[in-house]
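One structure below.
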Amino acid sequence: MRIGLFATCLGDTLFPDAVKATAILLTRLGHDVVFPPGQTCCGQMHINTGYQREPVPLVRNFADRFGDASIEAVVMPSGSCAGSVRHQHRIVADRYGDAALRAGVETVSAKTYELSELLVDVLGVTQVGAYFPHRVTYHPTCHSLRMLRVGDKPLQLLREVEGIDLVELPGAESCCGFGGTFALKNAGTSTAMLHDKTDSITATGAEVCTAGDSSCLMHIGGGLSRIRSGTRTLHLARILAATRTTPDALTEASV
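Take the sequence shown: its position 28, counting from 1, is numbered 28 in the UniProt record's numbering, and each next residue is one higher.
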């Protein structure tokens, strides 16, 4: 399958290892991964903040870059960005776009997936040849859980990782408190929610907390670091891309 890879803003600027791991994993599974040039932000941060007309150029650019018929699927290591493309882009196109934009959005949104969705639902795999000999707990992010409804797909993939000690996270479905600008506008509430999440993570004794969104892992990682828990954060893609013959991803721990 020919798969278009969307880096996302955080992936491009702060956490490129998650993007690289996505490409490495899919290539290892025998797929042709392409990176359309000229890709930018999906516009989620504008839409979430109430500026729905302003991201029209971003939505149009996304549809143009990934609308190539030769790209059979679009993948991104981010549940929130996948959710924006699949749901919010339609809202923007319907309210402020033209017929061409609406058609482009329909075409691209129908073939856009978060990584675990692509692997399990489209490619039909849960065993990806990964090796990660560490104690791991999984945090289901809000967009992946509630907007995309990925369910236990990430857990299905993690359970098949050789060497992993996968432990259940208490209160897993509770939000970590990030929520984009929510963490800035409601810092006190966000911090309280983060404390609850980091308490649950440390209770597992896990070496690693993983998730499908770098934004949530950035927030959680900061909280874990400040309490010196010893637990690191690592994007799901980096665990799935790890093998016996590659350096241990935990040695370069970042989301």
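Don't be surprised by glycine CBs; every beta carbon is placed ideally from N, CA and C.
Collapsed DSSP secondary structure at residue i in the structure displayed
{"i": "residue 256", "result": "Given a span of 1 to 255 for the chain in the structure shown, any question on residue 256 remains unanswerable."}
{"i": "G11", "result": "helix"}
{"i": "M1", "result": "coil"}
{"i": "T27", "result": "helix"}
{"i": "L123", "result": "coil"}
Given residue i as reference, the closest of the options once Cα atoms are compared
{"i": "H46", "options": "R2, I91, V75, E114", "result": "I91"}
{"i": "L123", "options": "G43, S174, L25, L101", "result": "L25"}
{"i": "G97", "options": "D17, N61, E114, T202", "result": "N61"}
{"i": "V150", "options": "P170, L169, E114", "result": "E114"}
{"i": "Y51", "options": "L217, R95, A211", "result": "R95"}
Test item: CB-CB of residue i and residue j under 8 Å
{"i": "H143", "j": "G79", "result": "yes"}
{"i": "A93", "j": "V120", "result": "no"}
{"i": "V69", "j": "K111", "result": "Looking at the sequence provided, one finds Ala at residue 69 rather than Val. Cβ distance not < 8 Å, so A69 and K111 don't count as in contact."}
{"i": "L14", "j": "H134", "result": "no"}
{"i": "H219", "j": "C176", "result": "yes"}
Terminal residues of the alpha helix (DSSP H) in which residue i lies
{"i": "T107", "result": "99–109"}
{"i": "T198", "result": "187–204"}
{"i": "M45", "result": "44–48"}
{"i": "V59", "result": "56–66"}
Straight-line Cα distance separating residue j from residue i
{"i": "T27", "j": "T246", "result": "15 Å"}
{"i": "E54", "j": "I164", "result": "44 Å"}
{"i": "G222", "j": "G230", "result": "12 Å"}
{"i": "F132", "j": "A206", "result": "13 Å"}
{"i": "P37", "j": "A237", "result": "22 Å"}
Start and end residues, beta strand (DSSP E) containing residue i
{"i": "T137", "result": "135–138"}
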